[in-house]
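Q: Residues in the sequence shown are numbered from -14 upward in steps of one, following this note's numbering. Backbone N, C-alpha and C define an ideal beta-carbon position, used for all residues, glycine too. Below is the structure I would like to discuss, written out as C-alpha cells.
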Amino acid sequence: MKLLRYGPKGSEKPGLLDAEGQIRDLSSHVADITGAQLSPASLKALAAIDPSTLPVVEGSSRYGVPVNGVSKFIAVGLNFADHAAESNLPIPEEPVLFTKAVSCLTGPNDNVMIPRGSEKTDWEVELGVVIGSRASYVTEEEALDHVAGYVLINDVSERAFQIERGGTWDKGKGCDTFGPVGPWLVTSDEVGDPQNLGMWLDVNGARKQDGSSKTMIFPISKLVSYISEFMTLEPGDLITTGTPPGVGMGQKPSPVYLKAGDEIRLGIEKLGEQRQIVVAWSKDGVQ
-14 MKLLRYGPKG SEKPGLLDAE GQIRDLSSHV ADITGAQLSP ASLKALAAID PSTLPVVEGS
46 SRYGVPVNGV SKFIAVGLNF ADHAAESNLP IPEEPVLFTK AVSCLTGPND NVMIPRGSEK
106 TDWEVELGVV IGSRASYVTE EEALDHVAGY VLINDVSERA FQIERGGTWD KGKGCDTFGP
166 VGPWLVTSDE VGDPQNLGMW LDVNGARKQD GSSKTMIFPI SKLVSYISEF MTLEPGDLIT
226 TGTPPGVGMG QKPSPVYLKA GDEIRLGIEK LGEQRQIVVA WSKDGVQ
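Dropping the structure here:
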C-alpha cells in the first residue's frame, strides 16, 4: 500500500496510490496521515479498503510529506561502506547519529533553497524508515515489527556548515527545504527486503549516485534497535539511513555543489521518484 498526502502546502489531504497510479482520496476514512494511522491495526484497516470505492483525484496535484506531525527526524551518517571510502573516512564502529530539524521537511517535488551564505550545498539520496509503533530498547529481532514502511528522502546538506563551522553536523543538515520526503510511504509488506533496493540521483540529467541499500554498514534492524537505546521512537518518526557514493563533496577531480537553477532527480526502487529545482536564498522563503 502506498499512502500519501496531496494538495497545497499546509492544506494537504490524505490519499493512497492505486494499482493504476491514480491518487485516491482517503478523506472519508481518515482526517490525515499521522502516526496514529501507522499502527499495525490501523494499516490493516486501511489496506482493507477497496481503492475503487474512493474518489479519484483529478488532474495534477502536489505531493506533501507523506506523514504529518513528525516529532523526530533522525539521520545516520557514513552508513554505506562505499560512501565512507569516497569520503576517506574509516568504517564507523557504531552508527553515527545526528538530527535534521523537522522544520526542514518538505514535499518531494518542492524547490530546494540554498541557504544564505552557502557555497557547498550538496545532495544525498537516502532510504527513509517510518516508525509505526512505539519503540524503546527494542531488539534487532523485533525492530522491523515497529516499522510502518519506507520513503524516499533527499538528505540535502550544506558541507561548510556541517564540517567547517565547528560543533555537530546538525547545523548543516536542518536548513529550510533540506528534507524532501516522498512521494509516498510504501508499507513494509509491499517493500519486502529493505536491504536490496537500487538507489540513484541525477543532477541536470547526469547520473551522480548509483548504489544499493545492500552496501549499508548497519542494516535497518540494527539502526532501529540502536536508536531506540537513546530515545523513544514514536509512530510517524523518520529515520534516514545514509547515502551511497556520488555526493557532490566526493566528486573527482574536485567537489561539485548545487547552484540556483539546477535540477535534482532521484529515486529508490519501489519507493518512487522526486524532482527538485534549486533556488537561491530569499528572505521571504522559497519562491
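Counting Cβ pairs closer than 8 Å, one from the segment 114 to 124 and one from the segment 81 to 89, do we hit at least three?
A: Flag = no, the segment 114 to 124 and the segment 81 to 89 do not touch.
Q: If Gly117 and Ala133 are in contact, beta carbons under 8 Å, what's the gap, nearest whole angstrom?
A: 3 Å
Q: Look at the alpha carbon of Ala32 and the alpha carbon of Met(-14), and state the distance between them as a whole number of angstroms.
A: When rounded, the distance between both Cα atoms is 7 Å.
Q: Counting C-beta neighbours from all protein chains within 10 Å, is the total for Leu268 16 or more, i.e. buried, or is it exposed?
A: Sequence inspection shows Lys at residue 268; the Leu mentioned does not correspond to that position. Exposed: under 16 other Cβ atoms inside 10 Å.
Q: Say whether the segment 198 to 209 touches the segment 232 to 251, bearing in mind that this needs 3 or more beta-carbon pairs closer than 8 Å, one atom from each stretch.
A: no
Q: By Cβ distance below 8 Å, which residues in the same chain neighbour Phe65 in space, the five residues on each side in sequence not counted?
A: Same-chain partners within the cutoff: Gly196, Thr200, Met201, Ile202, Gly227, Thr228, Pro229, Pro230.
Q: Let me check understanding here. Comparing Cα to Cα, which of Pro77, Phe146, Val114, Gly252 lies closest to Thr106?
A: Phe146
Q: Our contact map puts Leu2 next to Trp266 with C-beta atoms below 8 Å; I'd like the distance itself, whole angstroms only.
A: Their Cβ separation, rounded to whole angstroms, is 33 Å, which puts Leu2 and Trp266 out of contact at 8 Å.
Q: How long is the line joining the alpha carbons of Lys193 and Pro240, rounded to whole angstroms?
A: 12 Å
Q: For Pro51, I'd like the list of residues in its chain whose CB is within less than 7 Å of its CB, leaving aside the five on either flank, ordered along the chain.
A: Leu(-12), Leu(-11), Arg(-10), Ile18, Val136, Val166, Gly167, Trp169, Leu170
Q: Could you give the uninterrupted runs of the beta strand (DSSP E) lying entirely in the segment 193 to 272, keeping only those of 3 residues or more?
A: 223 to 225, 248 to 253, 257 to 264
Q: At which residues does the beta strand (DSSP E) containing Lys(-2) begin and terminate?
A: -2 to 2
Q: For a test of the three-state rule: what should DSSP assign to Phe163, helix, strand or coil?
A: The three-state reading of DSSP puts Phe163 in coil, since its state is none of H, G, I, E or B.
Q: I need the straight-line Cα distance from Asp140 to His14, nearest angstrom please.
A: 32 Å
Q: Going by C-alpha to C-alpha distance, which of Val42, Asp222, Pro25 sits closest to Glu5?
A: Val42
Q: Thinking Gly270 and Asp187 are a contact (beta carbons under 8 Å), I'd like their distance in whole angstroms, please.
A: Rounded, the Cβ-Cβ distance is 26 Å, inconsistent with contact.
Q: So what's Asp107 in DSSP terms, helix, strand or just coil?
A: strand
Q: By the DSSP assignment, the alpha helix (DSSP H) with Asp67 in it spans what residues?
A: 66 to 71
Q: Which whole-angstrom value is the C-beta distance of Arg9 and Leu28, which I expect to be below 8 Å?
A: Not quite, the Cβ-Cβ distance comes to about 16 Å (not below 8 Å), so this is no contact.
Q: Output the distance between the C-alpha atoms of Ser198 and Glu149, rounded to the nearest integer angstrom.
A: 29 Å
Q: Can you name the residues that DSSP bridges to Ala120?
A: Leu218
Q: From Val55, Lys255, Leu82, Tyr48, pick the residue whose C-alpha is nearest to that of Lys158; which is it?
A: Leu82
Q: Would you kindly work out how many angstroms separate the C-alpha atoms of Ile138 and Val55, rounded to a whole number?
A: 14 Å
Q: Report buried or exposed for Ala191, applying the criterion of at least 16 other Cβ atoms within 10 angstroms of its Cβ.
A: Exposed is the call here.
Q: What does Val171 pair with, by DSSP beta-bridge criteria?
A: Lys(-13), Tyr135
Q: Can you grab the Cα-Cα spacing for the pair Arg260 / Ala16, in whole Å?
A: 27 Å
Q: Go ahead and label Arg144 buried or exposed: buried means 16 or more other beta carbons lie within 10 angstroms of its beta carbon, across all protein chains shown.
A: buried
Q: Return the bridge partner residues of Ser142 from the DSSP annotation.
A: For Ser142, which the question treats as bridged, DSSP gives the partners Asp107.
Q: Does the CB of Thr91 have a neighbour CB from chain B at under 8 Å?
A: Given the protein chain composition of this structure (a single chain), no chain B is represented.
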